[in-house]
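Sequential numbering from 0 applies to the sequence shown in numbering that gives the first Met the number 0. Even for Gly, the Cβ is constructed at its ideal location relative to N, Cα and C. Since we're looking at a predicted model, the values are computed, not measured.
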Amino acid sequence: MTHDIFEPHDQAPSSPDDLFLLFQGAASYLAKSSDAPSFLDWIARIGPVLAPHIASGIAGPPGQAFRALGVSIYNAMPLPDHDFRRAPLPRPGRNEPCYCGSGEKFKHCCQPLGRLPDLKDYNMLRHILDNLPRKALAELPRTKVDVVALADTARQWRHEGEVKLAAQLLEPWFAGAGKLSGRLGFLFDELMDSYLELDQAGKRKRLLDRVITNGDRELRAAALQRKATVLTDQGDTRGAWEVFQQAQRENPGDPALAILELTLLVSQGDIDKAKQRAKFWLARVKRDRHINPEMIELLRAAAEDPVAMFADMARSSDPDLDWLATLFEEAPAVQVHYAVETSDSGGILVPDKKLAALEAAWAKVFPRCKPSLTSTGHGNPEVWNNAPDWLDFLARKPLAWHSFEVLDDLAMAVDVVPIFAIEQALLEPMLQRGAALLEANLEAAARQGKQHGELPWGFLENRCALRLLAHHAYRHLSTVDAAGGRVFMQMAERLLRLNPNDNHGIRFELSGSYLENGEDDKVVALAERFPDDLCTLTLNHILALYRLGRQGKALQVLQRAGRHHAQAIRTLLAANPKQPKLQEYAITVGGKDEAWLYRQDHLHL
0 MTHDIFEPHD QAPSSPDDLF LLFQGAASYL AKSSDAPSFL DWIARIGPVL
50 APHIASGIAG PPGQAFRALG VSIYNAMPLP DHDFRRAPLP RPGRNEPCYC
100 GSGEKFKHCC QPLGRLPDLK DYNMLRHILD NLPRKALAEL PRTKVDVVAL
150 ADTARQWRHE GEVKLAAQLL EPWFAGAGKL SGRLGFLFDE LMDSYLELDQ
200 AGKRKRLLDR VITNGDRELR AAALQRKATV LTDQGDTRGA WEVFQQAQRE
250 NPGDPALAIL ELTLLVSQGD IDKAKQRAKF WLARVKRDRH INPEMIELLR
300 AAAEDPVAMF ADMARSSDPD LDWLATLFEE APAVQVHYAV ETSDSGGILV
350 PDKKLAALEA AWAKVFPRCK PSLTSTGHGN PEVWNNAPDW LDFLARKPLA
400 WHSFEVLDDL AMAVDVVPIF AIEQALLEPM LQRGAALLEA NLEAAARQGK
450 QHGELPWGFL ENRCALRLLA HHAYRHLSTV DAAGGRVFMQ MAERLLRLNP
500 NDNHGIRFEL SGSYLENGED DKVVALAERF PDDLCTLTLN HILALYRLGR
550 QGKALQVLQR AGRHHAQAIR TLLAANPKQP KLQEYAITVG GKDEAWLYRQ
600 DHLHL
């Protein structure tokens with residue numbers, strides 16, 4: 000009769016930590032020597048010490064059971080002595096010596112113990128690599144190691160915070176100038192993710208270029224898809240579509256192209272087109288009997304609601320993000336907790352005592368990283384490092400959802416998540432809440448006769464509320480439909496009424512949106528409100544006057560513009576101007592960079 004090796008006692012539950020330590024210890028031994036008999040002797044002695052919870056649940060002598068378990072571990076372990084391949088022990092006949100090394104016949108030793116744990120699908124390579132000298136990692140490309148297990152090891156290290164070690168494991172596979180095989184696709188994905196977490200944009204770009212140049216067709220197509228995603232995250236939708244088309248030419252039948260195309264469509268706000276394409280891809284992949292059923296389910300969900308599909312994917316892979324989304328879904332309705340104090344210079348938002356105390360407590364758990372000047376984001380993913388602390392605060396303090404300070408921080412935290420669907424599914428409604436909270440507080444102040452009508456940026460107390468509104472407005476600039484453009488114009492106009500000095504410079508984008516939508520009178524009014532401004536308002540002013548049939552006035556404005564904006568006019572009229580060096584966070588007033596950017600955004604008008 001056979002029986003299970005492990006019959007756990009009620010008072011001695013098994014522990015995952017026990018197994019991990021046992022595997023680590025076994026790998027430490029086998030990394031030095033792959034001699035099976037000595038290893039099995041070792042695990043029979045040491046196994047019960049490394050895994051006491053497991054040992055206490057064994058019916059019979061623990062040493063014999065651990066010796067049998069050692070056979071399963073040995074058979075699953077990729078051995079350095081065997082070029083990182085497995086060397087499983089052959090199962091003996093009933094009357095042959097047992098493979099556990101006890102000296103007994105198999106039928107009197109391990110055979111009665113029943114079925115041994117099947118570990119063939121468990122990644123034992125991770126434990127071997129944990130126990131190798133770090134310099135040995137560079138030699139792995141010259142071995143027969145399983146690259147899928149290698150990629151999984153890198154993923155585990157990365158999730159455990161060992162991101163630099165994960166990159167060190169993967170980089171040797173892409174060193175040199177030789178050709179790269181499609182079998183490296185999993186390694187490529189993990190290395191790209193590692194560089195992203197390490198904020199090594201230069202290395203990411205060089206890796207992309209290397210794979211696109213030297214990869215085989217399969218790997219090159221994967222790299223082009225990744226490049227399209229990178230360009231999408233950077234806001235370069237046009238470049239992303241160009242690269243998508245290159246990837247499509249490389250591997251037109253790749254089902255992954257379906258997800259990429261939906262990514263691009265959703266990121267630019269074209270939700271209806273995304274639904275149509277999801278239906279197209281769904282009909283196409285259903286004909287492929289080798290397709291992963293999960294892909295069919297994803298496309299079916301995308302055909303109903305592509306934003307929700309991508310957001311669900313993101314939430315399922317990130318517990319902290321999922322927790323925040325759940326808390327937001329359960330947030331109480333907007334309440335008024337601010338007064339508007341008035342001064343000669345404008346209104347000032349002042350929280351009540353309870354909310355002020357909460358904001359002081361919030362500052363102790365949420366990393367302080369407000370953006371500089373008038374930026375609407377800080378681009379700092381490290382705010383998520385202690386996410387459980389501030390998420391727990393939100394869970395315990397629902398009053399926080401009525402604070403501009405807290406909402407501003409949360410919006411910027413969500414904004415740094417490199418997943419476009421989260422912007423649509425979580426950031427957008429969070430910013431809508433900020434706008435609704437502002438209107439509720441201003442309406443309450445108006446009923447009390449304390450509404451000034453303006454909330455100048457110069458008062459620090461107003462900045463979180465104004466930044467939320469600006470953040471929301473700028474998001475709608477990238478949408479492709481006319482409705483999105485109208486929403487932007489309404490938000491920008493509201494921001495200008497509240498903060499007439501326009502510290503955010505939203506007047507420039509508003510002027511362009513007016514032109515796009517044929518609102519020429521508004522272009523003229525905006526330009527006259529901000530005379531002697533940058534070239535955008537002045538040149539748009541001239542175009543709007545010309546469209547309105549006011550050529551004489553247009554010529555007068557053009558004559559003045561020739562003195563102040565000569566470079567912009569020359570660049571606009573040039574047949575093929577050379578792109579100047581652009582600064583990341585500034586422009587030179589009257590310079591070639593300002594002129595180039597104006598031409599790039601407005602030439603089509």
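>> Assuming Ala524 and His503 are in contact, meaning their beta carbons sit under 8 Å apart, how far apart are those beta carbons, in whole angstroms?
In response: Ala524 to His503, Cβ: 19 Å. No contact.
> Mapping DSSP to helix, strand and coil, what is Tyr121?
Replying inline: coil
>> In the DSSP assignment, the alpha helix (DSSP H) including Val146 goes from what residue to what residue?
In response: Val146 to His158
>> For Val339, report the span of its beta strand (DSSP E) as first-last.
In response: Tyr337 to Ser342
>> Let's test the definition: count the other Cβ atoms within 10 Å of the Cβ of Pro47 and tell me whether it reaches 16, buried, or not, exposed.
In response: buried
>> Which residue marks the beginning of the alpha helix (DSSP H) containing Val306, and which one marks its end?
In response: Pro305 to Ser316
> Distance, Cα to Cα, Asn250 vs Ala220?
Replying inline: 6 Å
> DSSP puts Val162 in a beta bridge; with which residues?
Replying inline: Its beta-bridge partners do not exist; DSSP assigns none.
> Would you call the region 408 to 421 and the region 366 to 377 in contact, with 3 or more CB pairs under 8 Å?
Replying inline: yes
>> With a threshold of 8 Å between beta-carbons, can Glu95 be considered close to chain B, or not?
In response: The chain labelled as chain B is not found in the depicted structure, where only one protein chain is given.
> Between Ala300 and the rest of its own chain, which residues show a CB-CB distance below 8 Å, the 5 nearest in sequence each way excluded?
Replying inline: Ala307, Met308 and Asp311
> Taking just the CA atoms, how far does Phe187 sit from Asn213?
Replying inline: 13 Å
>> Can you tell me whether Val416 is helix, strand or coil according to DSSP?
In response: coil
> Is the number of C-beta pairs between the region 331 to 345 and the region 448 to 457 that are closer than 8 Å three or more?
Replying inline: yes
>> Can you tell me whether Ser510 is buried or exposed? The criterion is at least 16 other CB atoms within 10 Å of its CB, across all chains shown.
In response: buried
> The alpha helix (DSSP H) spanning Ala53 covers which residue range?
Replying inline: The question names Ala, but residue 53 is Ile in the sequence shown. It spans Pro51 to Ser55 - the alpha helix (DSSP H) in which Ile53 sits, taken as one unbroken run.
>> Across the region 68 to 78 and the region 120 to 131, are there enough close Cβ pairs to call them in contact, namely three or more that are closer than 8 Å?
In response: yes
> Of all the options Ala560, Arg432 and Lys274, which has the alpha carbon lying nearest to the alpha carbon of Ala332?
Replying inline: Arg432
>> Going by the DSSP bridge assignment, what does Val486 pair with across the sheet?
In response: None, per the DSSP bridge assignment.
> Helix, strand or coil for Arg44 per DSSP?
Replying inline: helix
>> What does the alpha-carbon distance come out to for the pair Leu357 and Phe185?
In response: 46 Å
> Should Asn539 go down as buried or exposed, given a rule of 16 or more other Cβ atoms within 10 Å for buried?
Replying inline: buried
> So, Ala606 versus Leu21, is the Cβ gap smaller than 8 Å?
Replying inline: Past the boundaries of the shown model lies residue 606; the chain is included only from 0 to 604, so the question cannot be answered.
> Which one or two residues does DSSP pair with Ile347 in a beta bridge?
Replying inline: Glu340
>> Just to confirm, is the Cβ distance from Ala386 to Asp319 under 8 Å?
In response: yes
> If you check the beta carbons only, do Gly484 and Glu442 fall under 8 Å apart?
Replying inline: no
> Do Leu467 and Ala410 have their C-beta atoms closer together than 8 Å?
Replying inline: yes
> Per DSSP, Pro96 is paired with what?
Replying inline: Lys104
> Can you name the residues that DSSP bridges to Leu78?
Replying inline: Arg84
> How many Å lie between Gly59 and Asn122 at the Cα?
Replying inline: 29 Å
> Leaving out five residues before and five after Thr231 in sequence, what residues of the same chain have Cβ atoms less than 8 Å from its Cβ?
Replying inline: Ala239, Thr262, Leu263, Ser266 and Phe419
> Of the choices Ala277, Ala313, Glu527 and Glu328, whose alpha-carbon is the least far from that of Pro305?
Replying inline: Ala277
> Do you know how far the Cα of Cys463 is from the Cα of Asp407?
Replying inline: 6 Å
> Taking the Cβ atom as the reference point for each residue, do Leu259 and Trp280 lie within a distance shorter than 8 Å?
Replying inline: no
> In three-state terms, what does DSSP make of Leu542?
Replying inline: helix
> Between Trp156 and Met191, what straight-line distance do the alpha-carbon atoms span, to the nearest angstrom?
Replying inline: 14 Å
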